[in-house]
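S.K.: Here it is: the structure, laid out below.
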Amino acid sequence: MSAAIPNSVISNNVIRNNKFTWLVRREFWEYRGAFFWAPLITAMIMLAIILMMLIFAEVTAQRAGVNFNGFNISNITSHVAEGDIEQVHSALDLSLLGMCFPIGIVLFFVLFFYGLGSLYNDRADRSVLFWKSLPLSDVETVLAKLAAITLLAPVLAIVAMILLQIGFLLLLTLDGFVHGINAVTLLWSPTHLVTLWLRLIVRIPVNALWALPSVGWLFLCSSFVRSKPFLWATLVPILSGILVTWFSLMQTFSLTSLWYWKNIVGRALLSLVPGSWAWFDLSAESLARVKNPTQVADAFLSLEVIGHQLMSLQLWIGVAVGVAMIVASVYFRRQRIEAIA
Amino acid sequence: MTAIVSAHNLSKRFGTTVALDNINLDIQPGRIVGLVGPNGAGKTTALKAILGLAEFEGELSVLGLDPRKDRNALMQQVCFIADVAVLPRWITVEEVVDFVGGVHPRFSREKCLALLSKTKMKNTQRVRELSKGMIVQLHLAIVMAIDAKLLVLDEPTLGLDILYRKEFYQNLLNDYFDEEKTIIVTTHQIEEIEHILTDLLFIRDGKIVLDATMDQISERFSEVMVNPDKADAARALKPLHERQIFGKTIFLFDGIDPKRLAELGELHKPSVADLFVATMKGTYQ
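Going down the list, the protein sequences come from chains G and S.
Going by our numbering, the residue at position 23 of the first sequence is 20; the numbering climbs one at a time, nothing skipped.
In our numbering, each residue carries its 1-based index in the second sequence increased by 52.
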């Protein structure tokens, strides 16, 4: 008797567990182009550019090698291979990370405009009435959008980054083979690559926490305004910054206007730039520690920096402010059914 | 039987405008209720309150639940089609069926697919590629596949041609409606649905001005076509409304014995549209 659970209860539980997955899937369907294709296409464009540069370098080198001083690719590669492997890997890291930069920028724009439209677009086209005709709570809806902006899209972007890096390494390896050089052991060190990728993945939750003030601000504008969310979201912080600077308001708190621009305006608008927290508190002191440019990648990726960030008060104040704004956006999601647009 | 919708002193104000003015009503299960009123009378406001989409004052219970507090539980039992084209334009037919199947415990995928197989749309088509009529077909197929107790339709056939409109109500009546279900519908094309309604609610300036079953209405109201010589006798009976046609006058009466009216002229049943015009005269003045 005790095992006899009514079918409806079972199906209700299944529904409840899957509901969130379906909500996130809906976000993916709607923003497939932005979440999936945009980073992937950026990666393909980068790869095409790298390929063209490689061919250009080949042609130039060959011309130089044949016609001038006998200097050729194999000389450089064999020379480096004799050198410090560590240093090569650091340099490699820097280029592997550097080529992902455009994907990071694309991701920022994707996330920014996703956040801006997330609770506004369906009000503008009135499809919010369809979503609200289903047994979905506003909390679930907003949380699914939060998961999409902080986890789903960044994970897909990192997949694109990893594919780009693999593509780049494949091109280098092939180029090596063309010159009779086996660069496999040098370029494809599994521990090295896996470490690099794990470090990228580990940064997703830190990026997410750091981005919460911006996510909250965009969600708030998106759920609140009756039209023109972009103007509201950008002009309110910027105009407030101008006013604060104009009247030197921050002096009341013994702070500078720059502090306001950096910590309020900057955090509201730019926190979604992946890894922006690492640049945010980059001081002259920490830059001075970087003696060799190849160490930039190490400094940028080190777990120490992440740990330092997770311990910082400014991160958690931002989290609190972001959560408060997200809660407010749930409230407005409930109140505001139609945009006037 | 307990009422599906029960409102007591339901009010809603937007600033100084009164959208709903102390409305009292009970809607019983197994009814098809037409909520009819001129533009701005408060129809949509009333529906929004019932669906938990708007705040209000007074008491309102839908399926025994408070729409403000228990919206989530309520929406498992209530469906609504708000207007044409509220389905998101980016979604495909396949995705919307999958999604509703994923989140709605009372949705039958099989039933929905069976209904869709009777239409011309393809699974991979996006809503934006469908015609207005097809969007409504899709929305109706989804709603009909949900085993809900209350269905709210707000101008569901707005902007559709007559073929789609007829098909819409035919499907609703033949394949969906039964004594367990209740439908509330607002529309301006009242003449097209009057034969399927069981109850009529007229709303004007936020007040219910008529709340009756269709049977009561045919008992209460009569229209008489009167020759000019008997017009004054007819006016003495205090008609609701009179209009001229071919030199004769048509009078609309409420609660006058039909035998007495038959002496004045040719007697017939008024259409809901005529009743509406008579009840709402002067609304826009």
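Built from N, CA and C at the ideal position, the CB exists for glycine as well.
Is it right to say G/L143 is buried, meaning 16 or more other beta carbons lie within 10 angstroms of its own, or is it exposed?
M.R.: When all chains shown are included, G/L143 counts as buried.
S.K.: Could you tell me whether the Cβ atoms of G/P271 and G/N204 are closer together than 7 Å?
M.R.: Result yes, Cβ atoms of G/P271 and G/N204 sit closer than 7 Å.
S.K.: Whose C-beta lies closer than 8 Å to the C-beta of S/K300 among residues of the same chain, with five residues either side of it excluded?
M.R.: Result list for S/K300: M277, V278, N279, P280, G317, in chain order.
S.K.: How about S/I84 and S/I248: do their beta carbons lie closer than 7 Å?
M.R.: Contact flag set, yes.
S.K.: For the putative contact between S/K259 and S/D73, defined by C-beta atoms under 8 Å, what is the C-beta separation to the nearest angstrom?
M.R.: Contact holds; Cβ gap of about 5 Å.
S.K.: Output needed for G/K16: all residues of its chain with C-beta closer than 8 Å, excluding positions within five of it in sequence on either side, in chain order.
M.R.: Excluding positions up to five away in sequence, the list reads L133, E137.
S.K.: Given that G/L126 touches chain S, what residues does it touch there, using C-beta distances under 7 Å?
M.R.: Near G/L126 (Cβ distances below 7 Å), the residues of chain S are A134, V138.
S.K.: I want to verify the contact list: residues of chain S whose CB lies under 7 Å from the CB of G/R23, in sequence order.
M.R.: The answer, in chain order, is F151.
S.K.: In its own chain, which residues sit with a C-beta less than 7 Å from the C-beta of G/L206, not counting the 5 before and 5 after it?
M.R.: Hits under 7 Å: L312, V316.
S.K.: Can you find at least 3 beta carbon pairs, one from the segment 151 to 163 of chain S and one from the segment 32 to 42 of chain G, that sit closer than 8 Å?
M.R.: Not touching, per the Cβ criterion.
S.K.: For a contact meaning CB atoms closer than 8 Å, what does S/N279 contact in chain G?
M.R.: Here the premise fails: no neighbours, minimum Cβ distance about 52 Å.
S.K.: Cβ of G/L131 less than 7 Å from any chain S Cβ?
M.R.: Yes, because at least one Cβ of chain S sits closer than 7 Å to the Cβ of G/L131.
S.K.: Closer than 7 Å, CB to CB, is S/Q177 near chain G or not?
M.R.: For S/Q177, the answer is no, since every Cβ of chain G falls outside 7 Å of its Cβ.
S.K.: Does DSSP classify S/D281 as helix, strand or coil?
M.R.: Helix, per DSSP.
S.K.: Quick check for students: name the residue ranges of the beta strand (DSSP E) that lie wholly in the segment 101 to 177 of chain S, counting only runs of 3 or more.
M.R.: For the segment 101 to 177 of chain S, whole beta strand (DSSP E) runs of length 3 or above, ordered along the chain, are 109 to 114, 130 to 133.
S.K.: Please list the terminal residues of the continuous alpha helix (DSSP H) segment that includes G/V203.
M.R.: Per DSSP, G/V203 belongs to the alpha helix (DSSP H) from 187 to 221.
S.K.: I'd like to know if G/S134 contacts chain S, where contact means its C-beta is closer than 7 Å to some C-beta of that chain.
M.R.: Yes, because at least one Cβ of chain S sits closer than 7 Å to the Cβ of G/S134.
S.K.: Is there a Cβ from chain S that is less than 7 Å from the Cβ of G/I334?
M.R.: So yes, G/I334 belongs to the interface.
S.K.: For S/P322, I'd like the list of residues in its chain whose CB is within less than 6 Å of its CB, leaving aside the five on either flank, ordered along the chain.
M.R.: Correct list, in chain order: F273, E275, L304.
S.K.: What in chain G is Cβ-close to S/E147, meaning under 7 Å?
M.R.: Those within 7 Å of S/E147 in chain G are W26.
S.K.: Count the CB pairs spanning the segment 127 to 140 of chain S and the segment 206 to 216 of chain S that are closer than 8 Å, and state whether there are at least three.
M.R.: The segment 127 to 140 of chain S, when compared against the segment 206 to 216 of chain S, does touch it at the 8 Å Cβ threshold.
S.K.: I'd like the span of the beta strand (DSSP E) that includes G/A141, first residue to last.
M.R.: G/A141 -> not in any beta strand (DSSP E); alpha helix (DSSP H) instead, spanning 135 to 144.
S.K.: Between S/T69 and chain G, is any beta-carbon pair separated by less than 7 Å?
M.R.: No, because no Cβ of chain G sits closer than 7 Å to the Cβ of S/T69.
S.K.: Determine, using beta carbons only, whether G/R264 comes closer than 7 Å to chain S.
M.R.: No, G/R264 lies away from the interface with chain S (no Cβ there is under 7 Å from its Cβ).
S.K.: Work out the CA separation of S/F220 and G/V107 for me, nearest whole Å.
M.R.: Looking at the two C-alpha atoms, the distance is approximately 40 Å.
S.K.: Assign S/A314 to buried or exposed, taking buried as 16 or more other Cβ atoms, counted over all protein chains shown, within 10 Å of its Cβ.
M.R.: The residue is exposed, with fewer than 16 neighbouring Cβ atoms inside 10 Å.
S.K.: Starting from S/T301 and walking both ways along the beta strand (DSSP E), at which residues does that stretch end?
M.R.: Looking at the DSSP string, the run of the beta strand (DSSP E) that includes S/T301 is 300 to 306.
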